[in-house]
Amino acid sequence: MSDSQGRPGNFTFGIRRLVLVDSAGFCYVEIPVDNHGLILGPGNLGKSSLLNSLRLFLLPENNFKNSRKKFAFRNASAGSFYTNEESYQHYFPSQFSFLIMEAENPAGVHCQILYRDSASQLSYGRAFVPVGYDQLRPLFWDGDDEDGIGQAVPELSFSRLSEALKKFSKDTRLVNDPARLKQMLYSSELMNADAVRYSVLPLGESDERRVQSLRTLILLLFEMKADDQAMANAVASIIEADKKFADDAFDFNIDEFLNRHDQLKQQQTQLTRIEKERSRFEKLEKDYQAYQTLLRSQHDFAAFRDGVSHALQDIGARRKASAEAFNEQNETLRHVLQALKKLEQDASGLKGEIRSAERRIKQAEQNQKDGDLLVSQYGEMTLQEIEDIQKEELDSKKGHLAALKSAAQAEIRLEQIRKKKQELERKLASLKDRESKQHWQLQNQLDEATAAPLRAVDARLVMASPGQDLDADSKAAIEAFARLFVPTDKGFDWFDAEYPAQPAR
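Numbering (our numbering), first residue to last: -13 to 491.
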């Protein structure tokens, strides 16, 4: 048998479960209320709001207008009541807000669902469906996830919800009329399952006076600070309501009521006396706490003193170690500074040597330019030939000078001139021969990449002429030899020897 089906002989009316969805500060909360329980949590979490929401289910209202008289939601911290808008926005902050109460009665289990209604300002609607909440839960909360906590159902709205509710049962009802709500919520026709299907508090009659009496009792149950006047109003409402029905027995024990009243009066007197002594008690408690603080301060001071002593010893030891390390590092720094000073002196000396070398390089470059200018005057002669010519000219001038000084040396000089003439004639013949073979010079038969390193070693190497075209083996051998020279920015390297590049002639 399902929850929605009645059980024979079960005449129980009760509330089984309370569920809030996007309401009273909760994303989703579900608590059973058919057994004793304890709700724990910090202040302002919403524990009271959760239980106070029962007023919305038990009273036949459809809006929050004049909510002070209808529901009496109290702001305990401010000592006042919440306004209509504050109460409405607290329980129905959005179109996704729903409040569900699962209840049971002789007709079975049903759920009452409250939702935000946009028909008018501050209004809410009510739906009744004859099934247990276990069947409705997937409509409001998706509990299937990895963490086992669940998540909100996407695109939750009452339009989609109402369609789903109607599919559960043909007895699903959407009711907003207060008169109709009174009949459904307070029906006592136990023999008529349809009439009592959604009843939660059966009344003999559901007239306005009875409903107001019930409202007073319900609000009194939730009023944690009810005073004598509130209790008197509740009792008076019950008595006045009962007087309207002659067929109802007036069963009221006045002696028990008066005895209970005297007990409460005595309790009130005692509580008043205790309240008057609150300031003295608070002062005594404050003095006692101060005394306990002083007692603890003795032990705290002793511990503090021992801690300071140990800290001083530790600091002294660390200070000594730090001083030794400082002295050691200071000595190291002194040696480093001395070494740095010496390096700076060496660097200064090297800079002087560099400047001297740069001057010598400039002088050498000037000498090279002068030598190149001199060499250019002798055409394609080698350096050795030019040197020989210069020596001959020098010797000639020296000889001429000597001849002028001594007539005896004239003959010797004449003989030398003849020999020189013969030598020059021989060289002239050699030059003519070389000139005839000039187009066979190596610099004309080798590419510049091969001739350049040979010219850097000695210009005569590339000016030499084999008198014929080089054969392939000879040319390959010369090229292989030239590749052993490594080209650089200034010339060529032959292993650890450097040869500056020479211009082609």
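Just so you know, even glycine gets a beta-carbon here, dropped at the ideal spot from N, CA and C.
How would you label residue i, buried or exposed, when you count the other beta carbons within 10 angstroms and need 16 or more for buried?
| i | result |
| --- | --- |
| Pro439 | buried |
| Asp8 | buried |
| Glu271 | exposed |
| Val186 | buried |
| Ile86 | buried |
| Pro489 | exposed |
| Glu196 | Correcting the residue identity first, residue 196 is Arg in this sequence and not Glu. Arg196 comes out buried. |
| Tyr119 | buried |
| Glu88 | buried |
| Ser94 | What sits at residue 94 in the sequence shown is Gly, not Ser. Gly94 should be labelled buried. |
| Tyr274 | exposed |
| Cys13 | exposed |
| Ile240 | Its pLDDT being 47, under 50, Ile240 is placed unreliably in this model, and the value from its coordinates should be taken loosely. When all chains shown are included, Ile240 counts as exposed. |
| Met177 | exposed |
| Gln315 | exposed |
| Ala58 | buried |
| Leu6 | buried |
| Thr158 | buried |
| Asp234 | Since pLDDT at Asp234 reaches only 44, below the 50 mark, its modelled position is unreliable, and no value is offered. |
| Tyr74 | buried |
| Ser199 | buried |
| Glu90 | buried |
| Lys229 | Because the pLDDT at Lys229 is just 47, under 50, the model does not fix this residue reliably, and the value given afterwards should be weighed accordingly. It counts as exposed. |
Looking at the unbroken beta strand (DSSP E) that takes in residue i, where does it start and where does it end?
| i | result |
| --- | --- |
| Leu6 | Gly0 to Ser9 |
| Met367 | Neither: Met367 is in no beta strand (DSSP E) and is coded neither H nor E. |
| Ala501 | Residue 501 is absent from the structure shown; the chain starts at -13 and stops at 491. |
| Arg159 | Arg159 to Val161 |
| Tyr14 | Phe12 to Pro18 |
According to DSSP, what are the bridge partners of residue i?
| i | result |
| --- | --- |
| Met87 | Leu4 and Gln98 |
| Asn61 | Ser66 |
| Gly486 | Looking at the sequence itself, residue 486 is Pro, so the reference to Gly does not match. According to DSSP, Pro486 bridges with Gly477. |
| Gln352 | The partner list for Gln352 (beta bridge, DSSP) is empty, contrary to what the question assumes. |
| Gln137 | Asp128 |
| Val472 | Asp479 |
Quick test of your reading: residue i and residue j, contact by CB under 8 Å. State the CB separation rounded to the nearest angstrom.
| i | j | result |
| --- | --- | --- |
| Val115 | Leu147 | So it is not a contact: roughly 10 Å between Cβ atoms. |
| Val182 | Pro124 | Not quite, the Cβ-Cβ distance comes to about 28 Å (not below 8 Å), so this is no contact. |
| Lys51 | Asn70 | 6 Å |
| Ala10 | His76 | 6 Å |
| Asn38 | Phe208 | 6 Å |
| Phe126 | Phe84 | 6 Å |
| Pro188 | Phe(-1) | 6 Å |
| Leu410 | Leu428 | Contact flag wrong, Cβ pair sits at about 26 Å. |
| Leu36 | Val15 | 6 Å |
| Glu378 | Lys406 | 7 Å |
Which same chain residues, not among the five before or five after residue i, have their C-beta less than 7 Å away from its C-beta?
| i | result |
| --- | --- |
| Pro164 | Pro46, Glu47 and Asn48 |
| Ser505 | Given a span of -13 to 491 for the chain in the structure shown, any question on residue 505 remains unanswerable. |
| Phe287 | none |
Using a Cβ-Cβ cut-off of 8 Å (strictly less than) and excluding sequence neighbours within five positions of residue i, which residues of its own chain qualify?
| i | result |
| --- | --- |
| Ser106 | Asn49 |
| Trp426 | Ser451, Pro452, Gly453, Gln454 and Asp455 |
| Ala445 | Thr368, Leu369, Gln488 and Arg491 |
| Phe231 | The predicted model places Phe231 with a pLDDT of 44, which falls under 50 and marks its position as unreliable, so this point remains unresolved. |
| Gln81 | Arg102, Ser104, Ser143 and Phe144 |
| Lys461 | Gln431 and Leu432 |
| Arg399 | Gly385, His386, Ala388 and Ala389 |
By the DSSP assignment, the alpha helix (DSSP H) with residue i in it spans what residues?
| i | result |
| --- | --- |
| Ile464 | Ala458 to Arg469 |
| Glu263 | Counting along the chain, Glu263 falls outside any alpha helix (DSSP H), and DSSP gives it neither H nor E. |
| Glu47 | Careful: Glu47 lies outside any alpha helix (DSSP H) and carries neither H nor E. |
| Lys55 | Ser53 to Lys56 |
| Lys152 | Phe144 to Phe154 |
| Pro164 | Pro164 to Leu171 |
| Ala435 | Glu434 to Val443 |
| Ile204 | Glu194 to Phe208 |
| Asn38 | Lys33 to Asn38 |
| Asp180 | Ala179 to Val182 |
| Asn21 | That residue, Asn21, is in no alpha helix (DSSP H); it is neither H nor E in DSSP. |
| Leu428 | Leu428 to Gln431 |
Excluding the 5 residues preceding and the 5 following residue i in the sequence, name in chain order all residues of the same chain whose CB lies nearer than 6 Å to its CB.
| i | result |
| --- | --- |
| Arg60 | Phe67 |
| Val19 | Ile1 and Leu4 |
| Met210 | Only weak support is given to the placement of Met210: the predicted model assigns it a pLDDT of 48, under 50, and the value that follows is read from those uncertain coordinates. The answer is none, since no qualifying residue turns up. |
| Phe471 | Pro439, Phe478 and Trp480 |
| Ile225 | With a pLDDT of only 48 at Ile225, under 50, the local geometry of the prediction cannot be trusted, and no value is derived from it. |
| Gly111 | Tyr101, Asp103 and Asn162 |
| Glu465 | Thr436 |
| Tyr485 | Ala442, Val443, Gly477 and Phe478 |
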